[in-house]
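In the working numbering, the protein residues as written are 96 to 386.
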C-alpha cells in the first residue's frame, strides 16, 4: 500500500541498516521499540521509502502507556523508515544502526522531545535536528528584524554566522562518522560549487563552463556502492534532476548517459553493483519515456 503524507520534519533522510550475521549463531530479526507521550490504545504504522514514495511496512498496537514495538524474524534492509502516527498525516523518520532500537518522544513535539537509546547514529542525527531547529528560530527573529531594517549589516552578519554554525556542525558529523548513512545522505544532497569561469582566447568568459562543470560534478557526492541510498528519496531526487534537467534529450546523449550511470553504479560488492546498475539504467529509461 502506498503511503502519501505531509512532512513533519524538514528533512530526514535516515535508515535501518541490515545487520549481517557475523558468527554462526547470531540471531536474525529486528525489534524496533518506541514510546510516544500523548497516544494510547490505537494502531500505529511503520513505513519505508523506495524511491520517492513511502510504503506501509508493518502495523503495531500502542498500549495504554504509549509503548509499541515493530518486530520480525528477518533483518530489515537499510534505508529511511518512518513511524506514521494514527492520523496518517504526521510521522517521524529514523535511523537504526542495529536491528534493535528504542526511541521515545512526545506527540506534540516529535523532534525536540526525541530521546534515543541503542542507536548512536539516531542520537547524533536528532541532536543535529534539534540544533537546526534552535538555529532556525534564531534566524527567523533576525530576518523579522531585517524586514524593518534591510540595510543593517550587523543583522546580516549574524545570519551569516548562523549559517556557518549549521554548516560546521554538519561537517563535523560527516568527518567523525564517514560510514553513517546520514553522512551519505548529507554528501549526496550537496550541489557542486561552480568556480569562476575561465577566460577564452577571445577574452570572454566561457559561457558554457558553469553548466558543464555543474553536470560533470553533480553526482560526485552519491555513493553508488551503498545500496541503502536506494531506499531513500535522495537517490531518486538526485537522479531525477540529473536526467530531466541536465541531460540533453537526444538519442546519442541518452545512450552516453546510460553508460555513464552504469559506470557510476559499479561498487565493490557484486550484488550492489548489479542492483544499482539495474536501478539507474531502468530508472533513466523510465524517466525519459515520460518526456
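Glycine is no exception: its CB is placed at the ideal position from the N, C-alpha and C atoms. As the structure is a prediction and not an experimental result, all values here were calculated from the model.
- In the DSSP assignment, residue 125 forms a beta bridge with 167.
- Taking the CA atoms as reference points, residue 261 sits about 9 angstroms from residue 223.
- Residue pairing from DSSP places residue 198 in a beta bridge opposite 129, 211.
- Excluding residues up to 5 positions away in sequence, 157, 161, 202 lie with their Cβ nearer than 6 angstroms to the Cβ of residue 134 in the same chain.
- Nearest to residue 184 by alpha-carbon distance, out of 221, 169, 142, is 142.
- Just so you know, the alpha carbons of residue 305 and residue 294 end up roughly 12 angstroms apart.
- Using a Cβ-Cβ distance cut-off of 8 angstroms, the segment 272-282 and the segment 246-257 are not in contact, since fewer than three pairs of beta carbons, one from each stretch, lie closer than that value.
- The continuous alpha helix (DSSP H) containing residue 311 extends over residues 304-312.
- Residue 150 sits exposed, since fewer than 16 C-beta atoms from the chains shown fall within 10 Å of its C-beta.
- Inter-residue distance for residue 272 and residue 187 is about 22 angstroms (C-alpha atoms, whole angstroms).
- In the three-state reduction of the DSSP assignment, residue 159 falls in the coil class.
- Counting along the chain, the unbroken alpha helix (DSSP H) around residue 349 starts and ends at 346-359.
- By the criterion of a C-beta distance shorter than 7 angstroms, residue 190 is surrounded in its chain by 109, 110, 214, 216, 217, 220, 276, 277, once the five residues flanking it on both sides are discounted.
- The three-state secondary structure of residue 285, taken from DSSP, is coil.
- If you check the CB distance, residue 128 and residue 197 come in under 8 angstroms.
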